[in-house]
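Have a look at the structure below, then the notes.
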Amino acid sequence: MTSGRQRRRVVPDYMAAARLTVPEHISVQRTTLVYIAPDAATNGLDPPGSHLLALLRDGPLSVYECAAHLGLPYCVVRLLVAGLVGGGTLLTRDPPATDLPDIEILELVLNGLRAL
Numbered sequence: 001m002t003s004g005r006q007r008r009r010v011v012p013d014y015m016a017a018a019r020l021t022v023p024e025h026i027s028v029q030r031t032t033l034v035y036i037a038p039d040a041a042t043n044g045l046d047p048p049g050s051h052l053l054a055l056l057r058d059g060p061l062s063v064y065e066c067a068a069h070l071g072l073p074y075c076v077v078r079l080l081v082a083g084l085v086g087g088g089t090l091l092t093r094d095p096p097a098t099d100l101p102d103i104e105i106l107e108l109v110l111n112g113l114r115a116l
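In terms of UniProt numbering, the sequence shown has 9 at position 9, counting the first letter as 1, and numbering is strictly consecutive.
Below is the structure:
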């Protein structure tokens, strides 16, 4: 007997990341910006990889943003991105460095707040 509903997949899409070979030399963090390589071969990707590429067509996103949009755990998207970078489909770059405020200024602000 079959009902009118579609059958649910037994294995979720994010399990496709388990089949990827992740190079050790590629470092992917939460704030790493990800974008599609100009000469990327997009044929034959698993559903999570295809969804990620569709998401990145509008421009680069951080790994954490990709995880939020895809509704997948960060650690899974991190492996997925690292595997696709190793295959030449995606490129990454570190976000622009920001200058941290001087510690003396922070101490003055903290002392001022304590005085209130």
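All C-beta atoms in this analysis are idealised placements derived from N, C-alpha and C, irrespective of residue type, glycine included.
- Query: Taking the C-alpha atoms as reference points, what is the distance between PRO47 and LEU70?
  - Reply: Straight-line spacing of the CA atoms in PRO47 and LEU70 works out to 11 Å.
- What residue does the alpha helix (DSSP H) around ILE36 start on, and which one ends it? In the DSSP assignment, ILE36 falls outside any alpha helix (DSSP H) and lies within the beta strand (DSSP E) extending over 33 to 36.
- Task: Going by CA-CA distance only, name the one from ARG93, ILE103, VAL77 and PRO95 that's closest to LEU52.
- Result: Residue VAL77 is the option with its Cα nearest to LEU52.
- Item | With 16 other Cβ atoms within 10 Å as the buried cut-off, status of GLY112 | Result: exposed.
- Backbone CA spacing between MET1 and VAL28 [nearest angstrom]: Residue placement at MET1 cannot be trusted, given a pLDDT of 49 that sits under 50; the coordinates are not used to answer.
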